[in-house]
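Enquirer:
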Amino acid sequence: MLSFSAPVFSHAAPRIQDTGEELVVVIDPGHGGENEGTDTSAILEKYRTLITAQAMYEELLKYEGITVYMTRTEDVDMSLRERAEFAASVGADYLFSLHYNASEEHAMYGTEIWIPSTAPYIDYGYQFAEVWLGEMSAMGLHNRGVKTKIKDNGDEYYGVIREGKKLGITTVILEHCHLDAEQDASFFDTEEKERNFGKADATAVAKYFGLKSTVLGVDYSGTELVQASLPDLGIPPMSFSTAPETCELELTEQNEENGEVTFLINASDSNELLEYYEYSLDGGESWQGITTWPGYAHNAVKNQESAEFYLTLPREKDTEVRVRVYNAYDQKTESNTVNVHFEYQDELAAAALEWEEAHSGEAEIPQTDSLENGESHPSDGEVTTAADDMGIFDDSFYGFGVSENAAGQENTGNTQPDKMRNDRLLILLAIGVGTVATLVVIFLSLKKEKKVKKRNRRK
Ligand SMILES: [Zn+2]
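To convert, note that position 302 of the sequence shown is 301 in numbering that gives the first Met the number 0; the numbers rise steadily by one, no gaps.
#1: Between the C-alpha atoms of residue 92 and residue 102, what's the straight-line distance to the nearest angstrom?
#2: Nearest-angstrom Cα distance between residue 34 and residue 76?
#3: Which residues are close to ligand 1, meaning CB closer than 6 Å to any heavy atom, in chain order?
#4: Of the residues 200, 58 and 62, which one's Cα is nearest the Cα of residue 464?
#5: Is it true that the CB of residue 330 sits closer than 7 Å to the CB of residue 242?
#6: Am I right that residue 269 and residue 244 are in contact with their C-beta atoms under 8 Å? What's the rounded C-beta distance?
#7: For residue 475, which of helix, strand or coil comes out of DSSP?
#8: Exposed or buried, residue 179, counting other C-beta atoms within 10 Å across all chains shown (16 or more means buried)?
#9: Tell me, please, which residues DSSP counts as bridged to residue 253.
#10: Rounded to whole angstroms, how far is the Cβ of residue 74 from the Cβ of residue 31, which I believe are closer than 8 Å?
#11: According to the neighbour-count rule (16 or more other Cβ atoms, all chains shown, within 10 Å of its Cβ), is residue 301 buried or exposed?
#12: Comparing alpha-carbon positions, which option in 80, 128 and 187 lies nearest residue 44?
#13: Going by other Cβ atoms of all chains shown within 10 Å of its Cβ, with 16 needed for buried, is residue 94 buried or exposed?
#14: Which value, in whole angstroms, describes the spacing of the CA atoms of residue 275 and residue 254?
#15: Between the C-alpha atoms of residue 175 and residue 156, what's the straight-line distance to the nearest angstrom?
#16: Hey, is the stretch 303-317 in contact with the stretch 335-350, meaning 3+ C-beta pairs nearer than 8 Å?
#17: In this structure, how does DSSP classify residue 298 when only helix, strand and coil are distinguished?
#18: Which residues does DSSP pair with residue 459 in a beta bridge?
#19: Could you tell me if residue 262 is buried or exposed, where buried requires 16 or more neighbouring beta carbons within 10 angstroms of its beta carbon?
#20: Taking the C-alpha atoms as reference points, what is the distance between residue 358 and residue 108?
#21: Looking at the strands, I want to know which residues DSSP matches up with residue 113.
#22: Rounded to the nearest angstrom, what separates residue 339 and residue 326 at their Cα positions?
#23: Going by alpha carbons, who is nearest to residue 224 out of 130, 205, 134 and 79?
#24: To which residues of the same chain is residue 50 closer than 7 Å at the C-beta, ignoring the five residues directly before and after it?
#25: Closer than 6 Å by C-beta to residue 252: which residues in its own chain qualify, once you throw out the five before and the five after it? Chain order, please.
#26: What residues in its chain sit with their C-beta under 8 Å from that of residue 203, if we drop five residues either side in the sequence?
#27: Would you mind working out which of 106, 52 and 334 sits nearest residue 25, comparing C-alpha positions?
#28: Output the distance between the C-alpha atoms of residue 8 and residue 278, rounded to the nearest integer angstrom.
#29: Could you name the residues of the same chain whose beta carbon sits closer than 7 Å to that of residue 89, not counting the 5 residues immediately before and after it, in chain order?
#30: Mind checking residue 150: buried by the 16 CB within 10 Å criterion, or exposed?
#31: Could you tell me how far apart the beta carbons of residue 334 and residue 247 are, in whole angstroms, since I believe they sit closer than 8 Å?
#32: Is residue 354 close to chain D? Criterion is C-beta to C-beta, closer than 7 Å.
#33: Pull up the CB-CB distance for residue 324 and residue 292, whole angstroms please, since I reckon it's below 8 Å.
#34: Grouping DSSP H, G and I as helix and E and B as strand, with all else coil, what is residue 459?
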């Protein structure tokens with residue numbers, strides 16, 4: 000038998016950050032006072048962060064060997080510098096700034112964490128981030144990963160990280176979930192859930208620092224951390240992000256019977272991971288909502304470059320399908336448009352034409368002698384309404400009831416009074432048939448629409 004030896008850790012991975020004897024952490028509920036944070040949900044972000052921070056604080060008090068502070072416990076204004084200075088004044092080893100997210104287009108969902116961009120803070124940030132993201136993923140959230148962002152002059156983009164770093168404190172921003180995302184709604188819709196986030200944050204801190212709690216009966220002193228160093232991290236700052244380089248859409252299979260169509264997206268991004276995609280059914284005018292890119296994992300080195308997806312489309316009209324892919328920094332690239340056409344549509348058109356030829360062709364009683372033989376009613380194959388086909392709104396309909404090849408022939412057999420009587424009856428009959436046919440067409444198209452909507456909802 001072959002045996003493999005897994006790497007053995009004879010001792011807990013050393014904490015990358017030396018916290019000394021006394022471990023001090025500061026919890027910063029983001030925003031406050033005039034600074035309300037995102038207002039994309041019923042409750043302002045500044046209130047939610049306070050609730051979560053309080054729960055995190057209470058939970059951390061249950062652990063031994065840690066002193067915990069909060070930058071604010073009330074709805075008050077506080078600058079980012081003041082938050083960092085407060086952390087420095089109590090000798091903080093780590094500053095955790097708690098937030099809830101929202102995206103510009105209200106399209107994104109999931110959890111993410113922003114860390115400093117330079118060593119040694121990036122290492123400490125990354126190690127904690129991996130522990131914390133593990134807690135968030137366990138709750139069921141989509142994991143958007145670890146991110147950095149810097150300004151043109153190389154400074155940290157986010158103020159609290161910048162100010163913390165200036166004072167030698169590793170500072171991270173925890174963006175728990177998106178308050179404007181339907182996909183995340185079930186994670187923050189009660190105060191208890193906001194508190195759950197705080198408890199999970201505390202557990203992540205306890206694991207990261209290897210804490211014990213007699214009250215909770217847990218001992219995280221053996222927790223192993225990701226051994227990371229700057230060159231290996233491969234997290235380019237958001238500032239350098241570019242959109243995915245390619246995004247091509249291909250139709251690979253089409254079911255003429257049930258309207259199911261299979262598409263293949265080929266996309267690539269040499270700097271970031273592809274994270275989401277979405278499709279449009281009107282050539283890019285409106286979009287159906289994002290979905291996670293298949294095989295996406297926040298810490299993958301590279302992800303797959305093609306994704307297959309299915310749609311059920313209406314068979315009686317063309318659909319212009321287009322997709323776009325997003326990378327982990329929200330940059331997107333749109334594909335070509337694929338026009339989906341079903342033979343069913345041609346069959347409908349042919350049937351309409353046939354009907355037309357059978358019934359309204361003879362309607363073309365030559366009013367003048369200029370009509371050419373056979374060309375009684377022009378048709379370019381377009382699907383017209385039943386009323387149109389019947390020629391109800393057509394003056395030439397007057398001649399209905401005359402034999403098929405009447406056009407161009409002499410109609411000497413018709414006397415005027417008989418013709419008028421026949422015409423009236425026939426017009427009534429035509430209106431009746433036309434109404435029924437129109438109703439059937441409307442009913443069928445509504446049914447189809449419903450099916451497509453249902454299908455889209457599942458995506
Ligand atoms: Zn915020």
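Quick reminder that beta carbons are idealized off the backbone N, C-alpha and C, glycines included.
Expert: To lay it out plainly:
#1: Those two C-alpha atoms are separated by around 31 Å.
#2: Cα to Cα, the separation comes out at about 7 Å.
#3: Qualifying residues, in the order they occur: 29, 30, 36, 44 and 98.
#4: Coverage of the chain is limited to positions 0 through 458, which leaves residue 464 absent and any answer about it impossible.
#5: When the beta-carbon positions are compared, residue 242 and residue 330 come within less than 7 Å of each other.
#6: That belief holds up - the Cβ atoms of residue 269 and residue 244 are roughly 6 Å apart, short of 8 Å.
#7: Given that the chain is displayed from residue 0 to residue 458, the structure contains no residue 475 and the question cannot be resolved.
#8: The residue in question, residue 179, is buried, as its Cβ has 16 or more Cβ neighbours within 10 Å.
#9: DSSP, once it has assigned bridges, lists 260 as partnering residue 253.
#10: Confirmed, Cβ separation roughly 6 Å.
#11: Exposed, by the Cβ-count rule.
#12: Residue 44 has its Cα closest to that of 187, out of 80, 128 and 187.
#13: Residue 94 should be labelled buried.
#14: Within the model, the alpha-carbon separation for residue 275 versus residue 254 is close to 26 Å.
#15: Take the alpha-carbon of residue 175 and the one of residue 156: they are about 19 Å apart.
#16: Result yes; three or more Cβ-Cβ pairs closer than 8 Å.
#17: Correct three-state label for residue 298: coil.
#18: The question about residue 459 has no answer, for the chain in this structure spans 0 to 458.
#19: The Cβ neighbour count for residue 262, taken over all protein chains shown within 10 Å, is at least 16; the residue is labelled buried.
#20: Counting only the Cα atoms, residue 108 lies some 57 Å from residue 358.
#21: Residue 113 is bridged by DSSP to 146 and 172.
#22: Taking the straight line joining both Cα atoms gives about 27 Å.
#23: If we check each option's Cα against that of residue 224, 130 comes out closest.
#24: Only 190, 193 and 194 meet the Cβ criterion.
#25: Answer for residue 252: 261, listed in chain order.
#26: Around residue 203: 127, 130, 131, 133 and 134.
#27: The shortest C-alpha to C-alpha distance from residue 25 to any of 106, 52 and 334 is the one to 52.
#28: Reliability of the predicted coordinates at residue 8 is poor, the pLDDT of 29 falling under 50, and the value obtained from them is presented with this limitation in mind. Residue 8 and residue 278 have their C-alpha atoms spaced approximately 47 Å apart.
#29: Excluding residues within five positions, the ones whose Cβ falls inside 7 Å are 23, 25 and 68.
#30: The residue is exposed, with fewer than 16 neighbouring Cβ atoms inside 10 Å.
#31: Confirmed, about 6 Å.
#32: The structure shown contains no chain D; it holds only a single protein chain.
#33: Indeed, because the Cβ distance is near 7 Å, the residues count as touching under 8 Å.
#34: Outside the shown range of the chain, which is 0 to 458, sits residue 459, and nothing can be said about it.
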